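A short worksheet on the structure shown next.
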Amino acid sequence: MKYIEPHGHMVSRTTDDYERISLAGCVALSEPAFWAGFDRSSAQGFVDYFDQITVYEPMRAAKYHIQHYSWLCINPKEAEDMVLADEVISLIPERLSRPNVLGIGEIGLNKNSRNELTILEKHIELAAEHQQLILVHTPHLEDKLKGTRLTLDALEAHPGISPERVIIDHVEEHTIQMVLDRGFWAGMTLYPDSKCSIPRAVDMLECYGTERIWMNSACDWGHSNPLAVPRAILELKRRGHDEDYIENIVFENPKAFMSQSGKFRL
Ligand SMILES: [Zn+2]
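Using our numbering, read the sequence shown as starting at 4 and increasing by one per residue.
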């Protein structure tokens, strides 16, 4: 079955992984800017990283007939250094017109600190000013509930932001309802053994419906599986859901959200 991987950190993946996801049915993916597994020492590191996800990864993906899109920001883990964060944010506007850039992301909170919140607000302002879509990272474990609330409040406080143009990723059972009720999109990141597993994600689909929801694998530098979405498709089939229901979640939904950018094409 064809599907879209809407949140994959392909810079940390091999070409074999591109081949595997292509064989599994992936036709397009989007790559949010994130932490590289280490703190970069200067803004120059982000100049190179932004080139990597806007110029080089699309070429690598094309060899496997996958359309590659990306999002730009400084991630919350490195946003604690506000001088660096301001420098990186200043690099973004001139790069937003690159053909594969869908918006600002993945922005958000990690430890819910004051500095992270300030940099989140600056990214929200940037997205509003340039009419960009937003992809949000929410904190994990004990920081998730409070961090999700703070993030939704910050988004709603800006008059230039429409919730249907924002996806809140890494939702779990205790945050998905508030995200959907407040009009945002919700992303479920599928992890192999911690946080949101495939069975839990499918449970949530069965409880909360499929409107404004997508699933992704993250497939970053840490323990993760680039085939998580196809594995979720298998779990949905095992539970008796039909092809239209599944295709809606793994293909039509991410296509609908990302098409709002005007650049997403298949
Ligand atoms: Zn990510």
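We treat Cβ as the ideally placed atom computed from N, Cα and C, and that holds for glycine. Model, not experiment: these values are computed from the prediction.
*Distance, Cα to Cα, Ile249 vs Ala204?*
Taking the sequence shown and counting its residues from 1, one reaches residue 249 at position 246. Taking the sequence shown and counting its residues from 1, one reaches residue 204 at position 201. Near 13 Å, if we compare the C-alpha coordinates of Ala204 and Ile249.
*Per-residue DSSP class, three states only, for Pro281*: The chain is shown only over 4 to 269; residue 281 falls outside these bounds and no answer can be derived.
_Bridge partner(s) assigned by DSSP for His140_ = In the sequence shown, the residue the question calls residue 140 occupies position 137. Answer is Gly111.
*Mind checking whether the beta-carbon of Phe53 lies closer than 7 Å to any heavy atom of ligand 2?*
Ligand 2 is not among the ligands present in this structure, which contains only ligand 1.
_Beta bridge counterpart(s) of Trp74 as assigned by DSSP_ = Start at 1 with the first residue of the sequence shown, and residue 74 comes out as number 71. DSSP output for Trp74 lists Pro35 and Gly106 as bridge partner(s).
*asked:* When you measure from the CB of His140 to every non-hydrogen atom of ligand 1, does any distance come out below 7 Å?
replied: Locating residue 140 in the sequence shown gives position 137, where the first residue counts as 1. Yes, since a heavy atom of ligand 1 falls inside the 7 Å radius drawn around the Cβ of His140.
*Check the DSSP bridge columns for Asn118 and list the partner residues they point to.*
Here residue 118 refers to the residue found at position 115 when the sequence shown is read from its first residue. Paired residues: none, contrary to the question.
*Tell me whether the beta-carbon of Gly150 lies closer than 8 Å to the beta-carbon of Leu112.*
The residue given as residue 150 occupies position 147 in the sequence shown. The residue given as residue 112 occupies position 109 in the sequence shown. Yes. Within cutoff.
*What are the boundary residues of the alpha helix (DSSP H) that includes Val182?*
Taking the first residue of the sequence shown as position 1, residue 182 is located at position 179. Segment Ile179 to Asp184, the alpha helix (DSSP H) holding Val182.
*Mind reading off the beta-carbon distance from Ile107 to Leu75? Whole number of angstroms is fine, and I expect it under 8 Å.*
Within the sequence shown, residue 107 is the residue found at index 104, counting from 1. Within the sequence shown, residue 75 is the residue found at index 72, counting from 1. Contact holds; Cβ gap of about 6 Å.
*Since His9 contacts Pro229 with CB under 8 Å, what's their CB separation in whole angstroms?*
One-based indexing of the sequence shown puts residue 9 at position 6. One-based indexing of the sequence shown puts residue 229 at position 226. Looking at the sequence itself, residue 9 is Pro, so the reference to His does not match. That belief does not hold up - the Cβ atoms of Pro9 and Pro229 are roughly 13 Å apart, past 8 Å.
*So Arg43 and Glu81 are in contact, right, with Cβ under 8 Å, and what is the actual spacing, rounded?*
Translated into the one-based positions of the sequence shown, residue 43 becomes position 40. Translated into the one-based positions of the sequence shown, residue 81 becomes position 78. That belief holds up - the Cβ atoms of Arg43 and Glu81 are roughly 7 Å apart, short of 8 Å.
*Identify which residue in Leu26, Ser262, Leu105 and Asp51 has its Cα closest to the Cα of Ile69.*
By 1-based counting over the sequence shown, the position of residue 69 is 66. Among Leu26, Ser262, Leu105 and Asp51, the Cα nearest to that of Ile69 belongs to Leu26.
*Segment contact, 8 Å Cβ cut-off, at least three pairs: the stretch 260–269 with the stretch 219–238*: No, the stretch 260–269 is not in contact with the stretch 219–238.
*Throw me the rounded Cβ distance for the Ile236 and Tyr59 pair, which I believe falls under 8 Å.*
Counting from one through the sequence shown, the residue named residue 236 turns up at place 233. Counting from one through the sequence shown, the residue named residue 59 turns up at place 56. In fact, because the Cβ distance is near 29 Å, the residues do not count as touching under 8 Å.
*Nearest-angstrom Cα separation, counted from Phe187 out to Arg215*: Numbered from 1 along the sequence shown, position 212 holds the residue referred to as residue 215. Numbered from 1 along the sequence shown, position 184 holds the residue referred to as residue 187. Arg215 and Phe187: Cα-Cα distance of roughly 7 Å.
*Applying the criterion that 16 or more other CB atoms from any shown protein chain within 10 Å of the CB defines a buried residue, is Thr192 buried or exposed?*
As a position in the sequence shown, residue 192 is number 189, starting the count at 1. Thr192 should be labelled buried.
*At what residues does the alpha helix (DSSP H) containing Gly190 begin and finish?*
Locating residue 190 in the sequence shown gives position 187, where the first residue counts as 1. No alpha helix (DSSP H) contains Gly190, which is instead part of the beta strand (DSSP E) from Trp188 to Thr192.
*Once you ignore the five residues that flank Gln55 on each side, which residues in its own chain have a CB closer than 8 Å to its CB?*
If you number the sequence shown from 1, residue 55 lands on position 52. If we look at Gln55 and ignore the five residues flanking it on each side, its Cβ neighbours are Val14.
_Distance, Phe53 Cα to Ala157 Cα_ = In the sequence shown, counting from the first residue as 1, residue 157 sits at position 154. In the sequence shown, counting from the first residue as 1, residue 53 sits at position 50. Those two C-alpha atoms are separated by around 26 Å.
*Where does Asp247 land, buried or exposed, given buried means 16+ other C-beta within 10 angstroms?*
Here residue 247 corresponds to residue number 244 of the sequence shown, with the count starting at 1. Counting Cβ neighbours within 10 Å, Asp247 comes out exposed, since fewer than 16 surround it.
*Candidates Thr18, Phe41 and Pro202: which alpha carbon is nearest Pro233's?*
Here the question's residue 233 lines up with position 230 in the sequence shown. When only C-alpha atoms are compared, the closest one is Pro202.
*Please state if the CB of Tyr72 and the CB of Ala31 are separated by a distance shorter than 8 Å.*
Stepping through the sequence shown from its first residue, residue 31 is reached at position 28. Stepping through the sequence shown from its first residue, residue 72 is reached at position 69. Closer than 8 Å, so yes.
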